[in-house]
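Have a look at the structure below before the remarks.
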Amino acid sequence: MSHSALTDFLASNNISAAQIHDDYQRRLREAEPRAEEEPLENAADDEEYEDNSGETPEQKKKRKRKETAALAKIKQSKEFARRKGRRTGEPDDDDDFIAREMMYERSRPMPGQLENCEACSKRFTVTPYSKTGPNGGLLCAKCSKELTDKQKKAQPKKRGPRTGRRQNQSDLLDGISQYGALSLAEMCTKKVADNINDIEEFGDLPWQLLRRLSQILSKRRVMTPRTLNLFLRPDLGFIDIYDSAKLETDDFQKIFTFMPALTHVNLRFAGQLKDRVVEYMLDRDLKIKHLQLDAANLVSDSSWRRLFEKFGGQLETLKLSNLDFSLDDETVQTLCKFCTGLRRVKLDHCWKISDSSLEAIANLPLLEHVSLKFVQNTNPEHLRELVSKAGPNLRTLSLDGFPKSDDGLLETIHDKCQALSKLRFSNNSVCTDQGFVKLFENWSNPPLEFVDLSSTRDVDNSSPDGPTDATGLASHGFTALMQHSGSLMQKLNIASCRHISYAAFDAVFSEGKSYPHLKELDVSFHTVLDDYLVGRIFQCCPAMQKLVAFACFNVRDARVPRGVALIGGLRVQELIVVEREF
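Position 158 (the sequence shown) corresponds to 191 in my numbering; numbering is contiguous.
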């Protein structure tokens, strides 16, 4: 007698086909009494939808007793305990819910029985994989597949945490190269920022953490009227809101109502700060000494003048930026007339001011810090006069966007400025490399700590190598700068000074040279830079934290020391690696 391979396999594993058939018949016989009890077991679920008006009170009580007994028996089973354990903490972990669910499952038709599909009413054979429809009935294979496809479309795709690459790139652009865990204070500050909508008050947080919180919330664009209330403390003398774009006029007025002790006010993107707020400030006895407002374009010139007349005697710092509607030359003259105690003045992108404003600013007697960025062209003579008058007392000088200024301005800085720690002179295409050499050679000023000479170069695209006598900061001027200030310099920006040669970089960052305090360096758009020169920079600058090298196309596989943020290069993702200290 011949046997098939399947028969031999079943026999070798002590599996009997007859036994399988007998078990199947037994399950069918057991299913019959369950089917008879189904109306009783499902009565509770159907009670919400069916009208049991034909049921006598005795029958109803009997049915409920049987149902209660069945549920109690299920709750004592091991399967109930296992299912309960799996669902602990979930919304559907109620004992009665789980027990009724198990009771319903037991009442379902057994595999092999015939059933009508809930959706299409088609007769089909029940299998262990038959799905349950929305109303509790079973579905045929076709309707089950349609239901599965519909659920897949409705279910949102799972997304991983978004703090990976995007957050790393944001940190790098901020000059942060974080390895290891954050400090406890930073972690707590970010956790508070993450749950800012659940915070009712900050309590007695130190002012350093308050400013850090304001920076984080402003960067995330979540500084709202509700969030602002958390920063309004009557005992504080400062308010720093770095993004006020979502605040309304009443919110600005609220600041000066709840914080009468303010001496330091810094409001950026203050688009809804209007004359009404200025008038409210004038009616109160405020002691503001340091005022910084950005984009307050709804404040009129008359209100600015009244503000300067009222607070002029006490103001020490005034920073105004991005004003295209108001603040004309006459208003600046009023400012300089009444605010004679100013030590720091910053006027950045104030569209209406011109030469008359330069003449007025030159007459401020106590100026120590000047930062100017004009939109209108000015006469170089007026700028030289300002530097000549204020130069002996100046500690920082920032001049951006004065295209007509020539070597005469650099000579005036050399002769009059003897105490500068910061110098910015950028976006100029008139001053020559020789002018920069004369500025830094034999200059009695101490070494500069902050230098920005970016975009001082010839802009004739038809002659990329520039004229014979180099325009802007070039090789000789760069060498003279590093000889004068390299020993104490902390930040240097020479982006787009494209006439500095490879040999000049190699000489400045040669073997044995050291710039121990240089932390940030921007060499963007210097196409001569390569991996070797970047390595030399890291060796000569042991304190380096941030190197910006946009459009440096030869920087490809530079080795980056631990803790340094290298921004730019062709393959920035591969550049940010952990290496040993040089």
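Glycine included, C-beta positions come from ideal geometry on N, C-alpha and C.
Suppose the cutoff is 7 Å on Cβ atoms and the five residues either side in sequence are ignored; what does the same chain contact list for residue i look like?
i    : result
D485 : R457, S459 and N526
R417 : G441, L442 and T445
P258 : L280, E281 and D284
L608 : Because the pLDDT at L608 is just 44, under 50, the model does not fix this residue reliably, and the point stays unresolved.
CB-CB under 6 Å to residue i, same chain, minus the five flanking residues each way: which ones, in chain order?
i    : result
F483 : K455 and K524
H509 : D466 and V470
C574 : Y548 and L551
D388 : T411, N412 and H415
F271 : H297
V463 : D439
F583 : S557 and G601
N355 : D327, A328 and H382
P480 : S518, S520 and L521
Within 9 Å of any Cβ in chain B, is that where the Cβ of residue i sits?
i    : result
K155 : This model lacks chain B altogether; it includes just one protein chain.
Given that a residue counts as buried once 16 or more other Cβ atoms are within 10 Å of its Cβ, and exposed if not, what is residue i?
i    : result
A576 : exposed
D273 : buried
W476 : buried
V408 : exposed
K224 : exposed
R301 : buried
L172 : buried
N168 : exposed
E553 : buried
G505 : buried
P500 : exposed
G468 : buried
G519 : buried
A114 : exposed
N478 : buried
D555 : buried
P616 : Limits of the chain in this structure are 34 at one end and 615 at the other, which puts residue 616 out of reach.
P594 : buried
G424 : buried
D357 : exposed
L217 : exposed
L215 : exposed
Alpha carbon to alpha carbon, what distance is there between residue j and residue i?
i    : j    : result
L436 : D237 : According to the sequence shown, residue 436 is Pro rather than Leu. If you take the alpha carbons of P436 and D237, they lie about 49 Å apart.
T429 : Q516 : 20 Å
L368 : S336 : 12 Å
L391 : D448 : 20 Å
M135 : A103 : 10 Å
D11  : R119 : Because the chain is modelled from 34 through 615, residue 11 falls outside the range shown and cannot be assessed.
R562 : F586 : The sequence as given places Leu at residue 562; Arg does not occur at that position. Each residue's Cα considered, the two are about 8 Å apart.
Q241 : M220 : 14 Å
M314 : V403 : 26 Å
V17  : A393 : The question about residue 17 has no answer, for the chain in this structure spans 34 to 615.
R569 : A528 : 18 Å
Q305 : L269 : 23 Å
L353 : D327 : 6 Å
S421 : R309 : 40 Å
D491 : D502 : 10 Å
A105 : R253 : 54 Å
D55  : T89  : 42 Å
S675 : Y535 : The question about residue 675 has no answer here: the residues shown for the chain are numbered 34 through 615.
G345 : R339 : 9 Å
K379 : N299 : 13 Å
V567 : C383 : 38 Å
F235 : E112 : 50 Å
C450 : D231 : 52 Å
A278 : A303 : 6 Å
R531 : L405 : 25 Å
N461 : I533 : 16 Å
A76  : L246 : With a pLDDT of only 42 at A76, under the threshold of 50, the placement of this residue in the model should not be trusted, and no figure is reported.
Once you ignore the five residues that flank residue i on each side, which residues in its own chain have a CB closer than 8 Å to its CB?
i    : result
L261 : I274, L280, D284, K287 and I288
A540 : T512
Q347 : K320, I321, K322 and G374
Problem - Runs of alpha helix (DSSP H) wholly within the segment 314-383 (minimum 4 residues, chain order) - result: For the segment 314-383, whole alpha helix (DSSP H) runs of length 4 or above, ordered along the chain, are 334-344 and 362-371.
Exercise for the section: Ignoring anything shorter than 4 residues or poking outside the segment 375-428, list the alpha helix (DSSP H) runs there in chain order. Expected result: Here the runs fully enclosed are 388-394 and 413-423.
Practice task
Report yes or no: do the segment 396-414 and the segment 370-378 share at least 3 C-beta pairs separated by less than 8 Å?
Solution key: Flag = yes, the segment 396-414 and the segment 370-378 touch.
Problem - Segment contact, 8 Å Cβ cut-off, at least three pairs: the segment 146-159 with the segment 126-134 - result: Counting Cβ pairs under 8 Å, fewer than three are found: no touch.
Practice task
Output the residue ranges of the alpha helix (DSSP H) runs that lie fully inside the segment 264-321 and measure 4 residues or longer, sorted by chain position.
Solution key: Counting only runs of 4+ residues, the alpha helix (DSSP H) found wholly inside the segment 264-321 occupies 282-291 and 308-316, in chain order.
Exercise for the section: Could you tell me which uninterrupted alpha helix (DSSP H) segments, each at least 4 residues in length, are contained entirely in the segment 522-604, listed from first to last along the chain? Expected result: Restricted to the segment 522-604, the alpha helix (DSSP H) segments that are unbroken, complete and at least 4 residues in length are 535-541 and 564-573, listed in chain order.
Problem - Length-filtered (4 minimum) alpha helix (DSSP H) runs lying within the segment 421-488 - result: The qualifying runs are 440-449 and 466-473.
Problem - Runs of alpha helix (DSSP H) wholly within the segment 217-248 (minimum 4 residues, chain order) - result: Runs of the alpha helix (DSSP H) lying entirely within the segment 217-248 and spanning at least 4 residues, in chain order: 217-227.
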